[in-house]
Amino acid sequence: MQIGRMLRHMVTPSWVLGRVFTPTVMEAITAAVKDSEVRHRGEIRFAVEAALDLDELLRGVDARARAVEVFSRLRVWDTEENTGVLIYVQWIDRRVEIVADRGIARQVPQAEWDRVCRHMEAAFRERRFGDGAVDAVRAVGDLLAGLFPAGGENPNELPDRPVLLT
8 MQIGRMLRHM VTPSWVLGRV FTPTVMEAIT AAVKDSEVRH RGEIRFAVEA
58 ALDLDELLRG VDARARAVEV FSRLRVWDTE ENTGVLIYVQ WIDRRVEIVA
108 DRGIARQVPQ AEWDRVCRHM EAAFRERRFG DGAVDAVRAV GDLLAGLFPA
158 GGENPNELPD RPVLLT
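Letter by letter, the sequence shown follows residues 8 to 173 of this note's numbering.
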């Protein structure tokens with residue numbers, strides 16, 4: 008276990024997310040999700056978490072494992088065609104993970120999701136938080152539009168607004 012990582016998680020308050028993911032940034036992400044979902048049958052959720060709990064840190068939970076938990080908790084899997092996608096940001100560790108439901112995971116190689124994640128992390132390192140998040144949503148939308156183009160009926164099954172996990 009890394010003591011430095013544990014300390015960063017324990018001393019960082021959840022309100023720090025509001026300084027980066029301002030109402031303007033949250034609205035830009037929401038708009039990007041809405042615009043994207045018009046072009047495909049997928050459902051995109053965007054979640055940001057400041058820090059992990061002590062028990063998660065002691066269990067060695069990494070960003071990927073936590074993203075899978077959040078995918079379940081937010082019920083991203085609960086779509087008619089199994090086409091939910093979660094973009095998860097673990098703020099303290101500066102990690103981004105994308106978890107796709109089985110309907111999509113069979114068709115999109117993990118390397119494609121990883122490419123989007125690393126691009127977003129690079130934007131965050133440059134302090135381009137809103138742009139990085141919106142670009143990631145658009146990139147996920149582009150992948151989904153190619154595989155799951157919008158058809159006649161395209162209901163919005165999951166909330167478009169990003170969630171800040173505290």
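Where a beta carbon is used, it is the ideal one built from N, C-alpha and C, also for glycine. As the structure is a prediction and not an experimental result, all values here were calculated from the model.
On the criterion of 16 or more Cβ atoms from any shown chain inside 10 Å, does residue i qualify as buried, or is it exposed?
i	result
Ile10	exposed
Arg82	exposed
Pro162	exposed
Glu133	exposed
Val23	exposed
Thr90	buried
Ala38	exposed
Leu61	exposed
Thr86	buried
Val45	exposed
In three-state DSSP terms, what is residue i?
i	result
Leu81	coil
Leu154	helix
Arg12	helix
Taking the continuous beta strand (DSSP E) assigned at residue i, which residues delimit it?
i	result
Gln117	That residue, Gln117, is in no beta strand (DSSP E); its alpha helix (DSSP H) goes 117-132.
Just grab the DSSP bridge partners of residue i for me.
i	result
Ala107	Val92
Ala54	Tyr95, Val170
Arg135	DSSP, once it has assigned bridges, lists no residue as partnering Arg135.
Arg102	Gln97
Could you please give the first and the last residue of the uninterrupted alpha helix (DSSP H) stretch that includes residue i?
i	result
Thr37	30-44
Glu87	It is not in any alpha helix (DSSP H) - Glu87 carries neither H nor E in the DSSP assignment.
Asp62	61-65
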